[in-house]
Amino acid sequence: MLDISFIRQNAEIVKTAMINKGEKDATVVDKVLKTDTEWRQTVHKLDSLRKSNNDTAKQISVLMREGKKEQAQEYIKQTGAMKAEIKELEEKEKQLNAERGNLLLRIPNVPHESVPVGLTEKENEEVYRHGELLEADYIKPHWELAKEFSWIDFERGVKVTGAGFPFYVGSAARLQRSMINYFIDKALERGYTELQAPYFVNEDSARGTGQIPDKEDMMYTVPRDEFFLIPTAEVPVSNFHRNEIFEEKELPKNYVCYTPCWRREAGSYGKDVRGLNRLHQFDKVELVKFVKPEESYNELEKLREDAEHLLQELGLTYRRLLMCTGDMGFTQSKKYDLEVWSPGQKRWLEVSSCSNFESFQARRMMVRYRNEKGDTEMLHTLNGSGLALPRVMAAVLETYQQPSGKVEIPKVLRPYWGDKDYL
RNA sequence: GGAGAGAUGGCUGAGUGGUCGAAAGCGGCACCCUGCUAAGGUGUUGAACCCUUCCCGGGUUCCGAGGGUUCGAAUCCCUCUCUCUCCGCCA
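Written as structure tokens, this is what we have:
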């Protein structure tokens, strides 16, 4: 959610941002301003009416104490009309405020000036590439390796739950667990605080990070208890500090949190969902930052480096994309995607996206800090995957397979394997 | 799951219809005292929103959430949520 006073002063900037993000029409900006004006007028009227009502009540109180009953009765009679009008205005204010809120929720975050303008993924900029595009005849896609070694059991996953809920068996299970530990350990070295979070959240939390209204269909629900299964740790971790005010010296707050993630992914099929490419349940280590506004872009680069460092140490080939305005999402002001090279599939797989939300999420969740002047101010939030496991696993299996057929264990993971060399 | 108690400011806790946004204490901040520390003294210290806007200032709302009664509600009534204690169950 954008700051309404920012919109008042920068209506054209906001409209341009909307169009650049792919919205067909930006008239909602005019609508919100119109509703806002009306709302403020109503609030003003309501407040002054309430004041005179309060004043009257005070006078009555004085008269009652002095025993001047008749005079008090006169005042009481007067309040009748006022009360009716207050009630009417309250209704109007409530309705206008709700409308204003709904309109506000439809306005996306404004992209940072460094973000390329464009509507499709073609306009994303590849700003960095690391490693070589591995090519060899013996390289198989990970699902073939997984089948050969019985590492991932998709069929039994279907039997037990359904498509997109595989079992990891033996070495694959251990590989995944060792990567989770490695990711978390690295984050701890870099100053993040580890968090273990609930896997279900309530409606307020889902609303806080913007899953509802809008992206409700991505989440699994627990209807009887009115919970949502988290689609990412971003939801519980960002909401961890919902409705809180930090002291300036407490910032930045950096959290690392491993959770499974559940996504309904309705309508996906084809090569996108082959093997580990897209699942309904997957593991992810998430990084979340709460920072002072003036530091957020610097922190975004740090976050991105923290995620990239993992890929480098794992010895995987990857590229960094700076997402264009139309491909970066509603809530982001700047976003990088990290894509790892899958030599078995000869394609790039997204394993992380690192985003700065500026105050867009914070405003919704009312996460603030007290600045030097002592005023409360919205802080900035950022998050990024560090990293999403299944696609990293796919890339590791494919990249580290040997002509002999065996799969080598990346050096940084060997401490988690009793220094074994091969899976 | 059954029975009972409760929810007030950063924390503890008073307040059962009228100058209560809320006593007191603790904590925080500022200043004073002191060679330093400790102790002490004085003052200050919630949030959202509206108006004004250089600053100052004025106003409304908020005592778990939502509704109701009343000229007036932290205080009375209704609904919901959560917490605690005991019993049951349990990794």
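95 is the number of the first residue of the first sequence in my numbering; add one for each residue after it.
We put the beta carbon where it would ideally sit given N, CA and C, even for glycine.
This one's a predicted model, so the numbers in the text were calculated from it and none came from an experiment.
- Annotation: the continuous alpha helix (DSSP H) that includes Leu198 extends over 163-199.
- Judged by beta-carbon spacing, Thr287 lies beyond the 8 Å limit of Glu328, meaning their Cβ atoms are not closer than that value.
- When the Cα atoms are used, Ala488 and Tyr352 turn out to be separated by approximately 19 Å.
- Per the coordinates, the alpha-carbon of Met459 lies some 9 Å from the alpha-carbon of Arg301.
- Annotation for Tyr232: no alpha helix (DSSP H) segment contains it, and DSSP assigns it neither H nor E.
- Going by beta carbons, Leu473 and Phe334 fall outside the 8 Å limit.
- Note on geometry: alpha-carbon atoms of Val126 and Ser99 lie some 11 Å from one another.
- Under the three-state reduction of DSSP, Trp442 is assigned to strand.
- Rounded to the nearest whole angstrom, the CA to CA distance from Met95 to Glu226 is 41 Å.
- Per DSSP, reduced to three states, the secondary structure at Lys280 is helical.
- Secondary-structure assignment with DSSP links Phe322 through a beta bridge to Val295, Thr315.
- Our two residues, Phe384 and Arg462, have alpha carbons roughly 10 Å apart in a direct line.
- One Cα belongs to Ile278, the other to Leu289, and the distance between them is close to 10 Å.
- Lys467 sits in coil when the DSSP states are folded into three classes, being neither helix nor strand.
- Here Val209 carries a coil assignment [DSSP, helix/strand/coil].
- Counting C-beta atoms within 10 angstroms of its own C-beta, Glu393 has 16 or more neighbours from the protein chains shown and is therefore classed as buried.
- When rounded, the separation of the alpha-carbon atoms in Asp124 and Lys440 is 47 Å.
- Here Lys347 is bridged, per DSSP, to Phe384.
- Lys162 is classed as exposed because its beta carbon has fewer than 16 other beta carbons within 10 Å across all chains shown.
- Per DSSP, the unbroken beta strand (DSSP E) holding Ser436 starts and ends at 428-436.
- Just so you know, the alpha carbons of Asp298 and Asn337 end up roughly 11 Å apart.
- DSSP places Val221 inside the beta strand (DSSP E), whose first and last residues are 219-224.
- Shown here, Ala105 sits in a helix according to DSSP, grouped into three states.
- Between the alpha carbons of Met112 and Val204 lies a gap of roughly 8 Å.
- The continuous beta strand (DSSP E) containing Leu289 extends over residues 287-289.
- By a beta-carbon distance limit of 8 Å, Leu476 does not contact Leu408. Their separation comes to about 23 Å.
- Exclusion of the five residues before and after Ser244 leaves Val263, Gly264 as the residues of its chain whose Cβ lies within less than 8 Å of its Cβ.
- Three or more Cβ pairs drawn from the segment 374-383 and the segment 345-359 lie within less than 8 Å of each other, which places the two stretches in contact.
- About 13 Å separates the beta carbon of Leu415 from that of Trp435, a gap too long to meet the 8 Å contact definition.
- Each residue's CA atom was taken as its position, placing Tyr314 and Ala240 some 28 Å apart.
- DSSP, read as helix, strand or coil, puts Val126 in helix.
- Just measuring C-alpha positions, the residue of Ala267, Thr326, Asp308 sitting nearest Tyr293 is Thr326.
- Out of Thr425, Val367, Ala230, the CA that lies nearest to the CA of Ser498 is found in Ala230.
- By the neighbour-count criterion, in which a residue is buried when 16 or more other Cβ atoms sit within 10 angstroms of its Cβ, Asn196 is exposed.
- Within 10 angstroms of the beta-carbon of Glu160 lie fewer than 16 other beta-carbons, which makes it exposed.
- Assigned with DSSP and collapsed to three states, Met417 falls in coil, not helix or strand.
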